[in-house]
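The block underneath contains the structure these notes are about, expressed in structure tokens.
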Amino acid sequence: MVDYSNAEISATRAGFVNSRVTICDFHRMQAWQRWLRRKENNISHPEHALQLMKRLGSALNEGEFEKALEDLVSSEYWNNEKLRSYFETVWLSVKELWVIFHRLEFDVVLTTNNGIEAQNRVLKAHYVKSASGKRSLTSLIAAVVCGYLPDNEKIFHESTMRQSSLYRQYNDTVPTFLHNRPHSFIRHMLRRLVNAEEYTRSDIRAAY
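Next comes the structure, spelled out in structure tokens:
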């Protein structure tokens, strides 16, 4: 998952030939919002235009996508030559990289790399800057292995301890195998368990 950068997309495809490249939803939405709000683009109601554009990205099949596109094309915004040129040239030309139904074949549907970026900012601000000052691969690895990873492991264990059954009583609806885990992990797993109830034995395929 990448930002919308032709250089980044080309480099990813060249380095990982068999991989599928997708554009981060967060950065796509950010790009749309910024473009629509620019005065020189003359969009009278940017939030409404954004809603029409969002429907294309969240389409679950080709039919939904075509209907959403039809609604956008028939709207007043499509009469704006700048928007029409921007959307056709920049986004519709690579719709397979950002429309959600193109990702549904994956076991896990990722929509954003924003969490990774947040971790990257922490690494740069608190570890790389305080390193020896040498901008080398060796100093980066040292900062990750000797500082970043141990500190995050410590934070994980502290969070786990605060969720220990010795400190609090768990709700009966929380399975015992989720006890003594970080709260965010418990919430995540409970949501996944609800989703898992939709599957039956016939949905499970053997892997050889």
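For the sequence shown, the positions run 1 to 208 when the UniProt record's numbering is used.
All C-beta atoms in this analysis are idealised placements derived from N, C-alpha and C, irrespective of residue type, glycine included.
Alpha carbon to alpha carbon, how far is residue j from residue i? Give it in angstroms, no decimals.
i	j	result
T160	Y148	18 Å
F65	Y77	18 Å
Q51	M29	10 Å
L97	D25	10 Å
Y6	I186	Residue 6 is actually Asn in this sequence, not Tyr. Cα-Cα distance, rounded: 38 Å.
R34	M53	13 Å
L178	A11	40 Å
L36	A49	8 Å
L137	K154	25 Å
T200	E40	54 Å
P175	S58	33 Å
C146	E197	42 Å
Q169	N195	25 Å
R13	V94	14 Å
K67	S75	12 Å
L190	D172	13 Å
G63	Y86	23 Å
E47	L72	13 Å
H27	Y4	8 Å
Where does residue i fall in DSSP's three states?
i	result
I23	strand
V194	helix
Can you tell me where the alpha helix (DSSP H) with residue i in it begins and where it stops?
i	result
I155	149-162
A206	Element bounds for A206: n/a, residue is neither H nor E.
N6	6-15
Thinking C-beta only, is residue j closer than 8 Å to residue i?
i	j	result
L140	V99	no
L60	F101	yes
S164	N152	no
L83	I43	yes
A143	V128	yes
V2	V21	yes
**OP:** Write down every uninterrupted run of the alpha helix (DSSP H) in the stretch 56-144 whose length is 4 residues or greater and which is fully enclosed by it, in chain order.
**Re:** Within the stretch 56-144, complete alpha helix (DSSP H) segments of at least 4 residues are found at 62-73, 81-86, 114-123, 137-143, given in chain order.
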